[in-house]
Amino acid sequence: MGDETEQRDTQRVCLKCDAPANPEHHFCGRCGAPLHIRCGSCLALVAPEFMFCTSCGSPLTRELQATSAHREERRTVNVLFVDLKGFTAMAERLDPEDLRRLQVDYFNTAREVIRRYGGVVEKFIGDAVMAVFGVPVETEHDGYRAVLAGLDMQRALDGKPLAGRYPMRARVGIATGEALVDLAAARNGGEALLSGDVVATAARLQTHAPPGGVLVSAATHRATAGSIRYAEEPLHLELAGKSRSVEAWLAQASVRRPPVVDDEGTPLVGRAAELDLLMAAVRRCVSERRAHLVSVVGAHGMGKSRLVRELSRRIHDDGDLLVRWRVGRCLPYGAGGTYDALAEIVKAEADVLDTDDPASTRERLTVALAEVLPGPEVYRLVGLLGPLAGLPGRAVRPGEIEAAWRDALLALARHIPTVLVIEDLHFADQAMLRFLADLVEAGGDVPLLVLCTYRPELLDEQPAWPSALPGMLTVSLARLRNAEMRALLSGLLLQQDMTTDHADRLTMITGGNPMYAVEYVRMLAERGTGSVLGRDGEVDVPESVHGVIANRIDLLDNAERTVLNAAAVLGDRLWSGAIADMLALDAVGVAGVLRRLQRRDLLVAGSVSTVAGEAELTFQHQLVRDVAYRRLPRASRAALHRRAAAWLERVSIDGRNDLATAVARHRIQALDLTQSLGEDTTTDAEAARTALLAAAEAAFAVYAVDAARGYTEGALNAWPADHEPDARRRTELFHHRLQFLADSDSFYRDRVKQVARLADRMREAGDRTGEARAETLLGLTELMRAERDKAREHLDRAITLFRELPDDAAKTEAYAELARLHLLEFRTDLALPAARAARDLANRLGLADAEVHALVTEHATRYVAGDLAALDDLEQVIETCRAQGLPTLRRALHNLATFRQEEGDLSGAADLERESRTVHGGQISLVLDHSEEAELAYFSGDWVALLRAADEYLDHEAEGAGTADWDLQLRGRRAWIGALCGRPDGEDIARSLDVAHRSGFVRLRYNAYAHGALARALDGNVDGATTLLADLASLWREAPTALTLEWLSAAAHATVLTPAAAPAMAEVVRTSLRRTRWVEAAEALIAGNPAAAVTLYDDIGCASDAALSAVWAARTAPTEPHLDRIRTFSARNHAGRLLDLAALR
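Each residue of the sequence shown is one higher than the one before, starting from 2 at the first, in my numbering.
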């Protein structure tokens, strides 16, 4: 099929046995009947004398030919070697004419036996004969035929003297393995038709066979053990050229019992109970308006997809059920992106094509969502659903964007009860599994049924994945019973107009696998015979389903096989334009071949196409693709992968990124194949790097960090070790950033120094842009673990570099993180200018998320400085984030929650934190590490839960990155609460003071001083407590702040036990920037009015501070309410020392 070859799309076919034939043939070579022609356009059969199709008018003189590139294929073959014992000595004694007669008789005998069993004689050399089984047509029982041929050849030679007077015995060796086959040579019976180690193995096995014996390899034995009787024990041979001993088996005779075959069928048989279960689950979901997760689990070929299709038909036929039905597939081979199944669902719902431009895509999404959501929500969700439909996306956190996807899917289900089918979930990664679990868990009272199909291997890797979810139902598909298989096979045979006489025998050998039944009957139909018997009268034995499918492929004509091979390379989704481009053929001709492949049930049309103007198809069974792909030589695979990538690149519209992962897959496979061939990889490596980076950016757009990391790692590996351009170093930096976002603990342990060295290399190479970005990442990582001086050093260096560089997003980030650093230092005089600089820069560049990120810092700085109006402005920022789907929403909510707590609104703060958790997990919008569970336990007065949460959080971080150092209030609380509960302080206070002084952050010093003072006061170290409170008061005079909640109550409690510190602490509360209820309660304690503090803390809702205040009140003016509270609180929290402090025991 070169460019100059006329493209053709018709084939000659025998009406009697349906065998294909070459265009020059007039009669069938299989049955002798006159040949007709099958039109490639409409598949009608036309008499051979016509030049045009009598049904559609298409020319019939055009025949699609195979390319020379596919002359060779990789095949699993069975090689037979036979050699005469004593031939050399015999040749020395015989006259040349007598020797020739002996050889001719021997060769004729061998040829006759080999051909009787479907083998091809590759060569005769001296007294050696080499034959191959499995070419040009592979069947599921080639090994069986090869062994039968070997045994029959021994019987033939033992039964007659050669040339009528020379009794000779032979040795036979047979091996099964992969080889590269020259298909033309195989069809012509020529020599040199295959290459591979299997040839040498068969030859060497032959030398070890006993005279009159047939010795086979372990692979041949495995394929034929059910149909050939072997010696009881194998032989272990040392073969020349083999590094280890080889197992071999001595064949003895054919076993006269039917072998086994497998298949799947069109009539739904034996699944009525399972179908009823699924239908009941759908009805229950709709009637109860409750989310359900249903799993259909079964081995390959058990009929999972077929059962789901039947469910769809039953729902459609039920007039009482109105259900939205959407299907998404998880793709194998890492071809897909993380959320390909979800993307398929979204595109189908919005009627989006891959070739739609961004404006059309956005409009279609908007229309689809407007039917189920109010206007503001539509605007927000369109932006977040966009990447699934191929629109460019912003870098967002997984929680935030997944929450939006959940909102959209749940809205669809609220509008109309919805069934989401996720097929082949065993190919999905962790992110997709988590999303589905979260979706069902969030469903609540929404009529949404998530129906997943997967193989049992998923449960081996994720045994707990579906457990404990609402509405969970698992339907396991077992093998069909014999009666069910018999009914299935009878129906399949009748559909093919074949007799059902052999249904019982097929039932015995199909093993209860429906797909095997389907494939076997189809193969028999294509052979044109209903008999399951081979030429020798024995039942043909499929070595595996691979053999069944391989046989079906071999029965295709050259054009069909060529197109099928290209389709196997293209992947799960197929388009005629792509295949035509890959094969340099006319698209019309290829479309005709694809229709024939559909007719043969190898391909199936998709319900929708993601490429405008192109019908989309897929493989009927994935195994068909597997077999076809493995057959292609590596060089052919590489070339087709390159062409597939080029086509996908051409049809990708600017602004669309959802085909990037497919391009990357083809490029990396082309590179790997070229490397394995030992050829120059320069061009492929460059193309792979480009595609992998594009795929990483596409994955990052939907925050599939793990997938993006895999792509960047692949891009880095595609660079030679001794070649480091700027692009490679920047890719490495991107990879480090992804690692930081995905697993900060691992990053801090292993990668901080690597990033520092990378920054040095960038500096040495003169890459100022790369160096500045690296310094920004280093500054951010140090900031997150409370290393002020290191963070400031890196960020200052980044800003210095960026001043000489063009404005871009990275420069904006550097200014924004510097502003956040100053905010955390409580240096409002420095934080505001930096935040405003970042905001203005982001505004000029049109970076919406970066702009609101800077605004959050700006408003937070104003609040820290005492400006209450900043809260209203921060509320407005949150509304903007919600409306536009910006990832900074999480940080904005977290900051506002902190300020609401500061104002004494614990309930409002908790609501904000809950909303923040729906967008959690995104380190893009980083927040300081803290234990929210412990904080809530403190407010509720549950010290048991607090200590448990503190131990889990702080001890987990003990050997980690140190990011828990930001939560010194928790470490301090663990110290003094633990002391009240009879637990020793340990090193918490010493660690807190060390961290606070080392970090340099004022916020940490306040926490260390206040909680340390309380712990020491409770321990009886009044002088130590007084010193720490004096340090706190001194710090306050240097850096007052409106953020006092974390430490002020602890300082006030400590003051009760250290009267000498009261004047200084009274000055602190008197000069507070915000007179909140927390400040008023602390002031009451310091002034010696703990009863008033109890009331204030109760009003706020902080049970722990109220209980401590009650203790102080009981010491001076005990009242029964206070005493009852102390006793109850102490008993509930096992805090016996509270009774001692209150003088109650």
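Just so you know, even glycine gets a beta-carbon here, dropped at the ideal spot from N, CA and C.
Residue(s) in a DSSP beta bridge with residue i
| i | result |
| --- | --- |
| tryptophan 326 | Val420 |
| isoleucine 175 | Leu81 and Val217 |
| glutamate 74 | Val182 |
| serine 196 | Leu181 |
| threonine 475 | Ser296 |
| cysteine 453 | Ser296 and Ile423 |
| glutamate 248 | His237 |
| lysine 124 | Met131 |
| tyrosine 231 | Ala252 |
| leucine 575 | Leu618 |
| leucine 103 | In DSSP, leucine 103 forms no bridge with anything. |
| tyrosine 167 | Leu163 |
| alanine 606 | Leu618 |
From the options, residue whose alpha carbon lies closest to that of residue i
| i | options | result |
| --- | --- | --- |
| alanine 282 | Thr419, Leu413, Gly165 and Pro168 | Thr419 |
| histidine 724 | Arg738, Thr683 and Arg752 | Thr683 |
| serine 993 | Thr89, Gly983 and Ala1014 | Ala1014 |
| leucine 763 | Val753, Lys754, Arg752 and Ala775 | For the record, residue 763 in the displayed sequence is methionine; it is not leucine. Per the Cα distances, Ala775. |
| alanine 839 | Leu831, Arg230, Val78 and Glu814 | Glu814 |
| tryptophan 1048 | Gly445, Ala1136 and Met1066 | Met1066 |
| histidine 1 | Arg1038, Arg651, Phe620 and Glu1084 | Since the first residue of the chain shown is 2 and the last is 1146, residue 1 is not available in this structure. |
| glycine 771 | Asp727, Ala1052 and Leu216 | Asp727 |
| histidine 1123 | Ala1132, Ser1131, Val1112 and Arg1133 | Val1112 |
| glycine 391 | Val703, Leu507, Val297 and His823 | Val703 |
| valine 753 | Leu869, Arg1133, Gly780 and Val1023 | Gly780 |
| proline 807 | His795, Leu842 and Thr454 | Leu842 |
| alanine 697 | Ala709, Ala705, Thr691 and His860 | Ala709 |
| aspartate 773 | Glu818, Glu852 and Ser747 | Sequence inspection shows alanine at residue 773; the aspartate mentioned does not correspond to that position. For the residues Glu818, Glu852 and Ser747, the minimum Cα distance to alanine 773 belongs to Glu818. |
Beta-carbon proximity list for residue i, same chain, < 8 Å, skipping 5 on both sides
| i | result |
| --- | --- |
| alanine 1 | This structure cannot speak to residue 1, because the chain is shown only from 2 to 1146. |
| alanine 371 | Val379 |
| alanine 1031 | Ala1062 and Ala1065 |
| glutamate 714 | His736 |
| tryptophan 1079 | Glu903, Gly905, Thr1045, Leu1046, Leu1049, Ser1050 and Ile1101 |
| leucine 495 | Thr501 |
7 Å CB neighbourhood of residue i in its chain, flanking five on each side removed
| i | result |
| --- | --- |
| aspartate 537 | Because the pLDDT of aspartate 537 is 39, which lies under 50, any placement of that residue in the model is unreliable, and the number read from its coordinates should be weighed accordingly. The residues are Leu149. |
| alanine 232 | Trp250, Leu251 and Gln253 |
| serine 1110 | Leu1086, Pro1091, Ala1094, Val1095 and Tyr1098 |
| threonine 1147 | Outside the shown range of the chain, which is 2 to 1146, sits residue 1147, and nothing can be said about it. |
| alanine 241 | Arg205 |
| proline 467 | Leu294, Ser296, Met473 and Thr475 |
Residues near residue i by beta carbon distance below 6 Å, same chain, minus five either side
| i | result |
| --- | --- |
| histidine 416 | Val373 |
| glutamate 539 | Here the model assigns glutamate 539 a pLDDT of 40, short of 50, so the residue's position is not dependable, and the following value carries that caveat. Once the five neighbours on either side are set aside, glutamate 539 has no close Cβ partner at all. |
| aspartate 183 | Glu73 and Leu194 |
| alanine 910 | Ala898, Arg901 and Gln902 |
| leucine 1005 | Leu969 and Ala997 |
| arginine 487 | Ala504 and Thr508 |
Interface flag, residue i vs chain D, CB-CB below 9 Å
| i | result |
| --- | --- |
| leucine 240 | No chain D appears in the structure shown, which is made up of a single protein chain. |
Ignoring anything shorter than 4 residues, give me the alpha helix (DSSP H) runs that lie fully in the segment 676-740, in order along the chain. As far as the segment 676-740 is concerned, its whole alpha helix (DSSP H) runs of at least 4 residues are 683-702 and 706-718.
Given 8 Å, three or more beta-carbon pairs between the segment 562-578 and the segment 623-641: Contact between the segment 562-578 and the segment 623-641 is present, because at least three Cβ pairs lie under 8 Å.
Extract the residue ranges of the alpha helix (DSSP H) inside the segment 382-427, only unbroken runs of 4 or more that lie entirely within it. When DSSP assignments are scanned along the segment 382-427, the uninterrupted stretches of alpha helix (DSSP H) that are 4 or more residues long and fall wholly within it turn out to be 399-416.
Counting only runs that start and end within the segment 969-1047, where is the alpha helix (DSSP H) found for 4 or more residues in a row? Listed in chain order, the alpha helix (DSSP H) elements of length 4 or more contained wholly in the segment 969-1047 are 969-981, 989-1000, 1003-1019 and 1023-1039.
Quick one: any contact between the segment 677-693 and the segment 384-393, if contact means 3 or more CB pairs under 8 Å? No, the segment 677-693 is not in contact with the segment 384-393.
Where in the segment 611-658 do unbroken runs of the alpha helix (DSSP H), each at least 4 residues long, occur, reported from the N-terminal end onward? Taken in chain order, the unbroken stretches of alpha helix (DSSP H) that lie wholly in the segment 611-658 and span 4 residues or more are 623-632 and 635-652.
Across the segment 288-295 and the segment 472-486, are there enough close Cβ pairs to call them in contact, namely three or more that are closer than 8 Å? The segment 288-295 is in contact with the segment 472-486.
What alpha helix (DSSP H) runs, 4 residues minimum, are completely inside the segment 1079-1119? DSSP runs (the alpha helix (DSSP H)) wholly in the segment 1079-1119: 1091-1101 and 1104-1117.
Is it true that the segment 325-332 meets the segment 341-348, where meeting means three or more beta-carbon pairs spaced less than 8 Å apart? Contact between the segment 325-332 and the segment 341-348 is present, because at least three Cβ pairs lie under 8 Å.
If contact is defined by three or more beta carbon pairs under 8 Å, each pair taking one atom from either stretch, is the segment 977-997 in contact with the segment 1129-1140? Taking a contact to require three or more Cβ pairs closer than 8 Å, the segment 1129-1140 and the segment 977-997 qualify as touching.
Runs of 4 residues minimum, wholly inside the segment 547-597: which ones carry the alpha helix (DSSP H) assignment? Complete alpha helix (DSSP H) runs here, min 4: 559-571 and 577-584.
On the three-pair Cβ rule with 8 Å, is the segment 166-176 touching the segment 197-211? Short answer: they touch.
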